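To start, the structure under review is shown below, and the notes come after it.
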Amino acid sequence: MSEEVQDARQLTDYYAQMVLIRRFELVADQMYKRARIGGYCHLNLGEEATVVGLMAALREQDYLFTTYRDHGYALARGMEPGRVMAELFGKSTGVAKGRGGSMHMFDAGLHMLGGYGIVGGQIPPATGAALALAYRTTAGPEAGAVLCQLGDGTTNIGAFHESLNLAAIWKLPIVYAIVNNRLGMGTAVEAASGEPDLYKRGASYRIPGERVDGNDPVAVRQGADAMLARAREERRPGLLELMSYRLKGHSVVDPAKYRSQSEVETAQAADPVPAFRARLLQADVLTEESARAIEDDAEEKVGAAVAFAENSPDPAPSELFDFAYAQDVPNAPRALPGDPLEVEL
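Residue numbers for the sequence shown follow full-length UniProt numbering, beginning at 1 and rising by one.
In structure tokens form, the structure reads like this:
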């Protein structure tokens, strides 16, 4: 197969993944507002290119840790859309059996070890996973690495700096990927960071940093490819900053009134999904017909995912304490509210 054909298929696959994530997140927004999804809900709208590019660079043996904005990563890592939607609905058929919800997508088989609800909560365990890989495997092209995705606001917390320091002195196979959507919740990066060029934050620890266009999945993949290869082969950590925008507020319930109209228009103009569509049409990788077929397929898959979630059973009350521990624990609580007390006299 020629390199051109391979590239065309790869680019088409990137677009299909971006469209699937876009459609999934739009429908998740609708389902939340219909009270089918509870708790917190953060969407990847506008960040589809960063998601797809990062996941394209991961190999099967690599591990992934993400923030609470994790639906797109779950889909691109290979989780079935119906099970991801079922998790949002809190159903027993979800990827975490309905226990995790929006912020805690998890699949050990796919090496996706969370969604984390606490800002920066994923960074120490991701660094620990890289330490475990360093102990268990020999560095080389086939070795595994860890990708730890985080947001721009996370670079200001202590765990970020402590983890980078350990990664540097222990020479860990990990890449920290900062999705810089310009806003830590509602605060601009420039207003919260003494060094707003976040890729430079690794300099204190002699960790190489790079900034790439987060609206281009190919640029993201290339940047992540290079850093992950170095992590696997040389046991050198890296810091990758991906410049992007989110098209909505911080969460589904955030109206984003802190943004000016010009800022909203700038974000909309940078929307990676129509931009990548136009790019592939111009390059004759897609036609209008093939693009519409991809879009129709995504709509069908997400519709089926909603139907699957709606028709899935809720976890039974009797299963409330299941999966609380990895193995049986003596004297673990099993009583439900209203159950009589069991007291040994």
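Note that CB positions come from ideal geometry on N, CA and C, so glycine has one too. Since the structure is predicted, the reported quantities are computational estimates derived from the model, not experimental observations.
Where does residue i fall in DSSP's three states?
i, result
"Leu172", "coil"
"Glu60", "coil"
"Ala188", "strand"
"Gln149", "strand"
"Thr154", "helix"
"residue 346", "No information on residue 346 is available, as it lies outside the stretch 1 to 345 that the chain covers here."
"Ile118", "coil"
"Asn44", "coil"
"Arg182", "coil"
"Glu142", "coil"
"Met1", "Confidence at Met1 is low in this model, with a pLDDT of 41, below 50, so its placement is unreliable and the value that follows should be read with caution. In the structure shown, Met1 sits in coil (DSSP, three-state: anything other than H, G, I, E or B)."
"Phe65", "strand"
"Ala326", "coil"
"Val306", "helix"
"Ala28", "helix"
"Lys33", "helix"
"Gly109", "helix"
"Glu210", "strand"
"Ala16", "helix"
"Ala332", "coil"
"Ala96", "coil"
"Ala167", "helix"
"Ala177", "strand"
"Leu54", "helix"
"Lys91", "coil"
"Ala316", "coil"
Taking the Cβ atom as the reference point for each residue, do residue i and residue j lie within a distance shorter than 9 Å?
i, j, result
"Pro173", "Arg232", "yes"
"Gly121", "Ala159", "yes"
"Arg23", "Lys301", "yes"
"Glu60", "Leu43", "no"
"residue 377", "Pro217", "No information on residue 377 is available, as it lies outside the stretch 1 to 345 that the chain covers here."
"Ile178", "Leu242", "yes"
"Tyr40", "Arg277", "no"
"Leu239", "Pro208", "yes"
"Val273", "Val27", "no"
"Leu133", "Ala145", "yes"
"Ala76", "Ala96", "no"
"Ser92", "Pro313", "yes"
"Arg206", "Ala256", "no"
"residue 380", "Asn180", "This structure cannot settle anything about residue 380, because the visible part of the chain is limited to 1 through 345."
"Ala324", "Ala316", "no"
"Arg182", "Val175", "no"
List the endpoints of the continuous alpha helix (DSSP H) containing residue i.
i, result
"Leu281", "272–282"
"Met112", "Per DSSP, Met112 belongs to no alpha helix (DSSP H); it is in the beta strand (DSSP E), 112–115."
"residue 365", "The question about residue 365 has no answer, for the chain in this structure spans 1 to 345."
"Leu131", "123–136"
Between which two residues does the beta strand (DSSP E) holding residue i run?
i, result
"Arg83", "Careful: Arg83 lies outside any beta strand (DSSP E), inside the alpha helix (DSSP H) at 81–88."
Report whether the distance from the Cβ of residue i to the nearest heavy atom of the ligand ADP is below 8 Å.
i, result
"Thr50", "As far as ligands go, the structure on display features none, and thus does not contain the ligand ADP."
> Pairing CB atoms from the stretch 89–106 with CB atoms from the stretch 144–159, are three or more of them under 8 Å?
Replying inline: Not touching, per the Cβ criterion.
>> Assess contact between the stretch 29–36 and the stretch 188–204, defined as three or more Cβ pairs (one per stretch) separated by less than 8 Å. Is contact present?
In response: At 8 Å Cβ cutoff, the stretches do not touch.
> Does the stretch 112–129 touch the stretch 65–81, meaning 3 or more C-beta pairs lie closer than 8 Å?
Replying inline: For the pair of segments examined, the stretch 65–81 was found to touch the stretch 112–129: the number of CB pairs separated by less than 8 Å reaches three.
> When the Cβ atoms of the stretch 76–83 are set against those of the stretch 126–143, are three or more pairs found closer than 8 Å?
Replying inline: Contact between the stretch 76–83 and the stretch 126–143 is absent, because fewer than three Cβ pairs lie under 8 Å.
> Is the stretch 262–269 in contact with the stretch 282–300, if contact means three or more CB pairs nearer than 8 Å?
Replying inline: Cβ pair count under 8 Å is below three, so no.
>> In chain order, what are the residue ranges of uninterrupted alpha helix (DSSP H) at least 4 long that sit wholly in the stretch 229–266?
In response: Runs found: none.
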